[in-house]
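> This structure is in C-alpha cells; I'll ask about it shortly.
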Amino acid sequence: MTGADGTACDLFPLAAAMPVPMARRKRTMTVAKAGATTSPLPLAGEGQGGGKHAPPSVRKRGREQAEFAATAVPQPLACSLTTFAAILIAMTVSSPTFAAEIPLNERKSGYEFMGPESRAMQDDDSANPASLWVLDGEALWKRKAGTASKSCADCHGEASDSMKGVAARYPAFNASRGRPVNLDQQINICRAERQQATPLPLEGKELLALSAYVARQSRGMPINATIDERTRPFLEAGRTMFYRRQGQLNFACAQCHDDNWKEKLAGSSITQAHPSGYPIYRLEWQNVGSVQRRLRNCITGMRVDNYPFGANELVDLELFLMWRARGMPMEAPAVRP
Amino acid sequence: MARTLINVPPKAKKGEVIAIKTLISHEMETGYRHDNVGKAIPRDIITQFVCTYNGLEIFRADLFPAIAANPFISFFTVATASGTIELKWTGDNGFSQTETANITVE
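Protein chains in written order, with the working numbering: chain X, 62 to 398; chain Z, 4 to 109.
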C-alpha cells in the first residue's frame with residue numbers, strides 16, 4: 062500500500078527531511094510533484110471512521126503506523142540529494158498561489174469516477190436508497206412541530222418551488238450568526254426560531270431526511286454559493302484549511318484532491334472532492350450522510366484531531382469546496398461507493 | 004412501518020416481460036457486531052421476501068446477514084392479467100410488512 066519499498070521519493074521522507082519552518086510553510090507545486098510521483102499514500106482514507114461494518118481495527122492501525130515508521134527512516138544518499146534539491150527549488154518558488162489547482166474545465170464529479178453499477182443506482186430514483194430518506198423528508202416537511210405548531214410547508218409552501226436551488230447556494234451567510242451556516246444548520250435555525258422546536262441532532266436520521274429532501278429540489282442546478290465581502294473571510298479560512306498540512310501524517314487535502322485525483326488510494330479512486338451530491342447514500346456506510354461526515358472521514362484518515370459536527374472549521378471548508386465546485390450540477394442525493 | 008419504494012409498471016401489454024423493483028428501509032443488523040462496551044448487538048434482519056401476483060406466488064427470496072442495509076430487490080415477471088401484485092417482507096423481531104401495487108394488462 063505504501064512506498065515502503067525504499068524508493069523513498071514519496072511524501073514522508075520529504076516531510077521528515079524538511080526543517081520545521083519549511084514543513085509548516087504552505088505547500089507548493091514543486092514540492093508536491095517532486096515528492097509524489099506515483100502517490101503512495103499510506104492511509105486507508107476510504108475505510109476510516111464509521112462504516113456500518115468493522116471500524117478501522119487496531120491491527121490495521123498498527124500496520125499503518127509501522128509503514129509510516131518504515132518510510133520515515135533516513136533514505137539512501139542519492140535520494141536525499143534529490144529531496145534536498147526539491148526543497149531548494151521549493152524555497153526559491155515561494156509563491157503563495159497553488160499551481161496545482163484543477164482548471165475549471167477539468168473538474169469531474171465523483172460520479173465520473175464510479176463504476177457503471179453505482180452510476181445506475183444513482184440515476185434510477187427507484188434504485189437509489191437515498192430516495193427512502195427523500196420520502197421521509199417529504200413527510201417531515203409537512204409535519205407540524207414545536208410550540209408554534211407549524212410545519213416547514215406552512216411557511217415555505219411546496220418545496221418543489223420554494224426550495225429549488227436553495228441547497229446549491231449553501232453554506233450561506235446568516236446575519237444573526239455573523240457567519241455562513243450550512244443547510245443542516247439552517248434547517249435547525251428554522252426549527253428553533255420559527256417552529257420553536259428542539260433542534261434535530263446533527264447527522265440524525267430526521268435531519269438527513271429533511272436535507273436530502275431539500276437538496277433533491279436542486280438536482281441539476283449549478284452550484285452557486287454566494288461569495289461577497291461577508292462570506293469571503295470564511296471562504297479564505299476554508300481555503301487555508303484545504304491547503305494546510307496537518308495531522309500526524311502532515312497532509313493537506315490538496316495533496317490528494319488537487320494533485321493526485323487521477324490516482325488510486327488503497328484501490329479506490331481518490332477523486333477531486335467536489336461536494337455536488339450531498340447528502341449522499343454511501344454504500345460503505347449503508348446509510349445517508351452529510352458532507353461533514355465525509356470530511357470527518359478524510360480528516361480521521363489524515364490523523365488530525367477531528368472537528369465535531371457543525372464545527373465552524375468544517376463549515377468554512379464546506380464553503381470553500383462549494384466555491385471550488387461552482388457551476389457544477391447538483392446531484393443530490395447521490396450514491397457513492 | 005418501514006419506508007418502502009416500489010416500482011411496478013402501472014400498465015403492460017399481455018405477455019410483456021415487466022421489471023419489479025423494490026426498496027425497503029431496514030437496518031439489516033448482522034448479529035456479528037458488538038457495541039462500544041463489547042456487548043453483542045442482536046441480529047435484526049429481514050429473512051424472507053415473497054411476491055404474489057393475483058394470489059399466485061411468482062418470486063421468493065431468503066435473506067441472510069450478509070445482505071446490506073435497505074435491501075433492493077429487483078426481478079422480472081410476465082404480465083398475464085390485470086390485478087394486484089403483493090409484496091411481503093418478513094424478518095426478525097416479528098417484522099412484517101406488506102405493500103401492494105395494481106397493474107392493468109391490456
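Beta carbons: idealized from backbone N, C-alpha and C, even for Gly.
Quick caveat, the model's predicted, so the values are computed rather than measured.
Chain Z partners of residue 188 of chain X, CB-CB under 8 angstroms?
Here the neighbours are 24, 26, 75, 77.
> Would a check of beta-carbon distances place residue 6 of chain Z closer than 9 angstroms to chain X?
Yes, contact with chain X.
> Should residue 347 of chain X be flagged as near chain Z, meaning a C-beta pair shorter than 9 angstroms?
Output row for residue 347 of chain X: interface = yes.
> Going by alpha carbons, who is nearest to residue 235 of chain X out of X:164, X:367, X:249?
Among X:164, X:367, X:249, the Cα nearest to that of residue 235 of chain X is on X:249.
> Give me, in chain order, the residues of the same chain whose beta-carbon lies closer than 7 angstroms to that of residue 66 of chain Z; leave out the 5 immediate sequence neighbours on both sides.
Hits under 7 angstroms: 48, 49, 50, 51, 52, 74.
> Please check if any C-beta of chain X sits within less than 9 angstroms of the C-beta of residue 21 of chain Z.
So no, residue 21 of chain Z is outside the interface.
> When the distance is taken between beta carbons, is residue 380 of chain X closer than 9 angstroms to residue 229 of chain X?
No, they are not a contact pair.
> Have a look at Z:83, Z:76, Z:8, Z:60 and flag the residue whose alpha-carbon is nearest the alpha-carbon of residue 16 of chain Z.
It is Z:83 whose Cα lies nearest to the Cα of residue 16 of chain Z.
> In the DSSP assignment, the alpha helix (DSSP H) including residue 248 of chain X goes from what residue to what residue?
Segment 244-254, the alpha helix (DSSP H) holding residue 248 of chain X.
> Give the range of the alpha helix (DSSP H) segment to which residue 344 of chain X is assigned.
Segment: none, residue 344 of chain X is in no alpha helix (DSSP H) and carries neither H nor E.
> What are the partner residues of residue 8 of chain Z, as DSSP defines its beta bridges?
Paired residues: Z:26.
> Roughly how many whole angstroms lie between the Cα atoms of residue 13 of chain Z and residue 33 of chain Z?
If I take the Cα positions, the gap works out to 35 angstroms.
> Provide the residue span of the alpha helix (DSSP H) that contains residue 353 of chain X, from first to last.
Residues 352-362.
> Decide if residue 133 of chain X is buried, meaning its Cβ has at least 16 other Cβ atoms within 10 Å, or exposed.
Because the pLDDT of residue 133 of chain X is 41, which lies under 50, any placement of that residue in the model is unreliable, and the number read from its coordinates should be weighed accordingly. By the 10 Å Cβ count, residue 133 of chain X comes out exposed.
> Should residue 10 of chain Z be flagged as near chain X, meaning a C-beta pair shorter than 9 angstroms?
By this cut-off, residue 10 of chain Z is an interface position.
> Helix, strand or coil for residue 79 of chain X? Go by DSSP, reduced to three states.
Annotation note: pLDDT 41 at residue 79 of chain X (below 50); position unreliable, no value reported.
> Short of 7 angstroms in beta carbon distance, which residues of its chain neighbour residue 255 of chain X, apart from the five on each side in sequence? Order them along the chain.
So the qualifying residues of the chain are 209, 211, 216.
> For the alpha helix (DSSP H) holding residue 86 of chain Z, just list the boundary residues, first then last.
Looking at the DSSP string, residue 86 of chain Z is not in any alpha helix (DSSP H); the run it does join, the beta strand (DSSP E), is 86-94.
> Which same chain residues end up closer than 8 angstroms to residue 391 of chain X when comparing Cβ atoms and leaving out the 5 residues on each side of it in sequence?
Excluding positions up to five away in sequence, the list reads 228, 229, 276, 279, 280, 281, 282, 283, 284, 337, 338.
> In whole angstroms, what is the alpha-carbon distance linking residue 320 of chain X and residue 345 of chain X?
Rounded to whole angstroms, residue 320 of chain X to residue 345 of chain X spans 25 angstroms at the Cα level.
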